[in-house]
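Contents: one structure, followed by commentary.
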Amino acid sequence: MSGSSHTDAVSKLQRLVRIPTVSYRDPGAIDRRAFDDFHAELAASFPLLHQHLERIEIHDHAVLYRWPGAAATHPVVLMAHIDVVPVEGEWQYPPFSAEIADGAIWGRGTLDDKGSLVAICEAVERMLADGVTPAQDVWLSFGADEEVSGDSAPLAVAALRERGVSPWFVLDEGGAIAHQAFPGVSAPIGVVGVSEKGVTSLELHAEGRGGHASTPARNGPTARIARAITRLDAAPMAPHLPEPTVELFRRIGAGVPAPLRPLISQATRMGPLFARALIAAGPEAAALVRTTFAVTTLSGSPALNVIAARAKAGVNIRVMVGDTVDEAIAHIRKVIADDEIRIDVLERNEPSPISPRDDAFALIESTISRLFPDAVPAPYVMMAATDSRFFTEICDRVYRFAPFRMTKEQRESIHSYDEHLGVDAFLDGIDWYRRLLEGLPA
Ligand SMILES: [Zn+2]
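Here the sequence shown stands for residues 602 to 1043, where the numbers follow my numbering.
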């Protein structure tokens, strides 16, 4: 590929990052013009794609594209989302400037998820320019409300179902070529999400008489909520070691720190022991093996000298593969041991089924090895939620992977500040998507 088309691809990403397609839960807060502008810019940047692919509007700026292949027996869906989260923190470069510095493009959405969206479109555009027809139908599904769990993805699934499309595999954001993934492991890990924990939110409510703060009674609403929180904090759910996690550690086994190494070699046999070792290794490792409960919001009385008549705590739960939402709620009820606390479930999502590691996974894996020969490809269970969870209704093989090298610092910048994607990493990602599409079986 020539230098000038590299520069072109980078400037396309820059132009799209500069459009602030920020999602908010309050529909009135959304700048709909920005989303219109994004689609106009997308059409201008990828003329061949827009000429050759069928474009289907799904819902509020969400779109599906269909690229007819030589066959449609193994259609695939590549996903990405247009929207970004609001800006927070102090940025080195203005978040919608898409400035290039230190070999990277800086801006909100470069990693999550416009980098993937543009790399997918650029791969398709280049293949069209070269007169390539994919071996199978290729669908692109670009949602516009992923960050607020909107309707784009479920409606895209409904549209595909209506057309009788049952994808061979679906590929969405999630994993990456993760550098510094584990302390002591020098090789980057090409982590491909094969499942994701279920995000569930609920509130604990306690009520009482309230009154003047000069005459407090014991065990008022705030005390009961506090007691519930400390009890929950002290009693986590039992760990599980799902098969992909065992496989992840098996593959990186040689590189992990010495204390874990002997355990890893026998991880399948020594599951419970290994799970305990991960829990002892810290909160990140612990989250790999069990359902987590984070008490995130707390409220009581609105005034300092008034006893709360109501107190509540919000709990964000990530339900582990192997547990269910009902089991997590039952666990909370049991450990807080207070029948007068009411539990309101605000959002419930079960963990996603585990996608198999068969021919589709092998294609993704071999494409990773081809483009990133230093990386160890491995499956894993994602802790965050993606739109792809809805696609498990129409497809068994749902994978979560963005073909970009990311440092630990870059992964931490997602939804935070100083989000940036390396220029070379972006260009490699374009090649990765192209190679993947060229590898589709006849
Ligand atoms: Zn995202």
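No residue lacks a Cβ here, since even glycine has one placed at the ideal position from N, Cα and C.
beta-carbon residue i near ligand 1 non-hydrogen atom, thresh 7 Å
| i | result |
| --- | --- |
| Glu573 | There is simply no residue 573 to check, as the chain begins at 602 and stops at 1043 in what is shown. |
| Asp746 | no |
| His662 | no |
| His1021 | no |
| His932 | no |
| Asp997 | no |
| His682 | yes |
Beta-ladder partner(s) of residue i, from DSSP
| i | result |
| --- | --- |
| Pro1022 | It is Leu, not Pro, that sits at residue 1022 in the sequence shown. Paired residue(s): Ile706. |
| Gly812 | Ile908 |
| Met680 | Ser742 |
| Leu805 | Ala914 and Ile944 |
| Phe894 | Ile918 |
| Ile701 | Ile706 |
| Val623 | Val685 |
Residue-chain proximity (residue i, chain B), Cβ-Cβ < 8 Å
| i | result |
| --- | --- |
| Leu614 | Here there is only one protein chain, and chain B is not present. |
Three-state secondary structure (DSSP) of residue i
| i | result |
| --- | --- |
| Thr846 | helix |
| Tyr666 | strand |
| Asp632 | coil |
| Glu691 | coil |
| Ala876 | helix |
| Asp585 | The requested residue 585 does not occur in the structure, where the chain is confined to residues 602 to 1043. |
| Ala673 | strand |
| Gly799 | strand |
| Arg656 | strand |
| Val719 | helix |
| Ser605 | helix |
| Asp924 | strand |
| Val686 | coil |
| Ser612 | helix |
| Leu889 | coil |
Residue i Cβ short of 7 Å to ligand 2 heavy atom set
| i | result |
| --- | --- |
| Asp714 | Ligand 2 is absent from the structure shown, which contains only ligand 1. |
Can you list the alpha helix (DSSP H) stretches of 4 or more residues lying completely in the stretch 723–793, in chain order? As far as the stretch 723–793 is concerned, its whole alpha helix (DSSP H) runs of at least 4 residues are 753–763.
Please go through the stretch 927–1012 and give each complete alpha helix (DSSP H) segment of 4 or more residues, from N-terminal end onward. The stretch 927–1012 contains these whole alpha helix (DSSP H) runs: 960–972.
- If you pair each beta-carbon of the stretch 668–687 with each one of the stretch 726–741, do three or more pairs fall below 8 Å? yes
Would you call the stretch 655–666 and the stretch 738–757 touching, i.e. three or more CB-CB distances under 8 Å?
yes
### Query
Do the stretch 891–904 and the stretch 825–840 meet, that is, are 3 or more Cβ pairs less than 8 Å apart?
yes
>> I'd like to know if the stretch 698–711 and the stretch 641–651 are in contact, where contact means that at least 3 CB-CB pairs between them fall below 8 Å.
In response: no
Any contact between the stretch 946–961 and the stretch 996–1004? By contact I mean 3 or more CB pairs, one from each, below 8 Å. yes
*Are the stretch 819–826 and the stretch 902–915 touching, with three or more C-beta to C-beta distances below 8 Å?*
yes
Exercise for the section: Please confirm if the stretch 772–792 is in contact with the stretch 972–992, defined as three or more CB-CB distances below 8 Å between the two stretches. Expected result: yes
query: Touching or not, the stretch 795–805 and the stretch 917–932, by the rule of three or more beta carbon pairs under 8 Å?
result: Verdict: yes, contact present.
Pair every Cβ in the stretch 621–641 with every Cβ in the stretch 720–731, then say whether three or more of these pairs are closer than 8 Å. no
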